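**Q** Quick one: structure below, then a few questions.
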Amino acid sequence: MKVFSATYPDVIKFDKKPNEDFYLVSKKLPIFVVADGVTRSHFEDGRYAHYSGARKAAEIFCKSALSYLEERFNPEKIKEAFDFANQKIKDLNIEAGINKKLNYIEYDWLDTVGVAGMISGGNLYYGYVGDCGLIIFDKNNKKKFQTEDMVSPAVKKFIESYKNWKNFASNQKRLIIHKELRNNTDKKGYGTFSGENGVKNYYNIGSEKLEEGDLVVFYSDGFLEYIGDKHFIDILRKGDRKELNKAMFWKVIKNPIKCGHDRTFIAINFDKK
Numbered sequence: 003m004k005v006f007s008a009t010y011p012d013v014i015k016f017d018k019k020p021n022e023d024f025y026l027v028s029k030k031l032p033i034f035v036v037a038d039g040v041t042r043s044h045f046e047d048g049r050y051a052h053y054s055g056a057r058k059a060a061e062i063f064c065k066s067a068l069s070y071l072e073e074r075f076n077p078e079k080i081k082e083a084f085d086f087a088n089q090k091i092k093d094l095n096i097e098a099g100i101n102k103k104l105n106y107i108e109y110d111w112l113d114t115v116g117v118a119g120m121i122s123g124g125n126l127y128y129g130y131v132g133d134c135g136l137i138i139f140d141k142n143n144k145k146k147f148q149t150e151d152m153v154s155p156a157v158k159k160f161i162e163s164y165k166n167w168k169n170f171a172s173n174q175k176r177l178i179i180h181k182e183l184r185n186n187t188d189k190k191g192y193g194t195f196s197g198e199n200g201v202k203n204y205y206n207i208g209s210e211k212l213e214e215g216d217l218v219v220f221y222s223d224g225f226l227e228y229i230g231d232k233h234f235i236d237i238l239r240k241g242d243r244k245e246l247n248k249a250m251f252w253k254v255i256k257n258p259i260k261c262g263h264d265r266t267f268i269a270i271n272f273d274k275k
C-alpha cells in the first residue's frame, strides 16, 4: 500500500490567511484523516479574523480522531472518534472564550469539516461531515465511488426559501446560515465539528470494498477541481511530487479562483499484500 499526500495554501483570500487544512496519516495503522477548518468571519475592511482558530480546529480534529482510532482499531469506532474530536473542539472554543462572546460574525464557533477512514480486511471504512470527502478510482482510473458534498446543496435549498436573500448584507447572511442552518437538529442543514451536539445529525458513515489497483483519495474541497483531471490521477498513482508541484502551479495560474484555495489530499494505492 503506497501513500502519497500533500497540502497547499490559499493564494487568493484575505491578507494573512493561513492554510486552514490539516491532515494526518497514521504511522502505526492504515488510518487517514483530512480536515478543512472553516474560515472565520472577516471584518468589513477585508482583514482576516483577529483570531484564526479554523486551522487549530482542523488540527485538533485530525489528531483527536486519529489517536482515538489508533487505540481502538475498529470500524465501529468512527462515530465515537468523531464525538471525541468534537468534544476537543468544544474545549478549544471554551478556552478561546467564544461561548461567552458568540455573535456569529466577529466571534463565531471555531470549527472544521473533516473525513476519516481506515482500511481493514480489504475494505475501506469511512466517515465524514461537510464537504471534505473521498473518491475511489479502479485500476483503469474509472471512478467507482465518491462521497457527496453535504454543505452546498443544504445552503442552496435554504437560501431559496428567502425571497429577498440577495438584498441581505453579507454579515446578515452569514449570521442566518451559521446560527440557523449549521448543526441544526432538524437534519435539513449541514454539519461542522464546532463543539455543538447538532453535528451528530450529520455524521455520514459507510464502507466500500476495495480491489487490487484501486486508488483511494481523501480530500478537502479545494482539491475537487483537480480530481477530474486524468493527468492528476496519474500523478497521484506515481507519487511524483515534483510533477505535482508543477501541475498545481500551472493550474492555479490559469484559474486562481477555482484552483487556488486551500487544498489537501491523501492518495492510497491499494494492494492486497
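Residue 3 is where the sequence shown starts when you use the working numbering, and the numbers rise one by one after that.
Quick reminder that beta carbons are idealized off the backbone N, C-alpha and C, glycines included.
Model, not experiment: these values are computed from the prediction.
#1: Please name the residue in S7, G129 and L31 whose C-alpha comes closest to that of F195.
#2: Rounded C-beta distance between V201 and V153? I'm assuming under 8 Å.
#3: For the beta strand (DSSP E) containing V36, list its first residue and its last residue.
#4: Between the Cα of L183 and those of L68, S172, N169 and A156, spot the shortest distance and give me the residue it belongs to.
#5: Can you tell me which residues form a DSSP beta bridge with A118?
#6: Can you find the residues in the same chain that come closer than 7 Å, C-beta to C-beta, to K274, ignoring five residues on each side of it along the sequence?
#7: Would you tell me roughly how many angstroms separate the C-alpha atoms of N203 and Y192, rounded to the nearest one?
#8: Have a look at S163, Y205, R57 and D188 and flag the residue whose alpha-carbon is nearest the alpha-carbon of E150.
#9: Does the Cβ-Cβ distance between G37 and D23 come in under 8 Å?
#10: Please state whether the Cβ-Cβ distance between G197 and N95 is less than 8 Å.
#11: Between F75 and V27, what straight-line distance do the alpha-carbon atoms span, to the nearest angstrom?
**A** Reading it off the structure:
#1: G129
#2: Not a contact, Cβ separation roughly 13 Å.
#3: I33 to G39
#4: Of the candidates L68, S172, N169 and A156, the one whose C-alpha sits nearest the C-alpha of L183 is A156.
#5: Beta-bridge pairing links A118 to V35 and G129.
#6: G124 and E214
#7: Approximately 9 Å, taken between the alpha carbons.
#8: Y205
#9: Contrary to the premise, residue 37 reads as Ala rather than Gly in this sequence. In contact: A37 and D23 (Cβ atoms closer than 8 Å).
#10: yes
#11: 14 Å
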